[in-house]
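Residue numbers (full-length UniProt numbering): 1 to 94.
Here a beta-carbon is modelled for each residue, glycine too, at the ideal position from N, C-alpha and C.
Written as structure tokens, this is what we have:
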């Protein structure tokens with residue numbers, strides 16, 4: 001399972017994006033959600049299992065980045081961690 005395929009469950013994004021392009025799209029999406037649909041933002045982060053306490057700490061301590069950038073980075077990091085876990089515990093194919 002790829003990062004794009006996981007994230008496309010929450011966002012309508014093109015299939016062929018580089019990781020930098022994906023981050024840019026997500027920063028814009030999270031900025032929009034922060035300003036216009038906070039309940040949906042919370043729902044997406046909850047569904048992705050982004051640690052709310054870690055995110056709160058990051059939002060309070062990271063300097064030089066917008067809230068949307070911090071949220072996008074935390075969301076991407078969580079999705080990558082899920083992929084690694086799935087790889088680690090999925091049956092090996094011969």
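- Between the C-alpha atoms of residue 18 and residue 24 there is a straight-line separation of about 10 Å.
- Contact between residue 50 and residue 68 does not hold, since the beta-carbon distance rounds to 14 Å and is not under 8 Å.
- Straight-line measurement puts the Cα of residue 78 at about 14 Å from the Cα of residue 53.
- By the 16-neighbour rule on beta-carbons within 10 angstroms, residue 30 is buried.
- Within its own chain, the residues whose Cβ lies closer than 7 Å to the Cβ of residue 33, once the five positions on either side in sequence are excluded, are 40 and 41, listed in chain order.
- Nearest to residue 71 by C-alpha distance, out of 8, 14, 15 and 46, is 46.
- Under the DSSP assignment, residue 43 falls in the alpha helix (DSSP H) whose first and last residues are 38-48.
- The beta carbon of residue 8 lies closer than 8 Å to those of 15 in the same chain, with the five residues before and after it left out.
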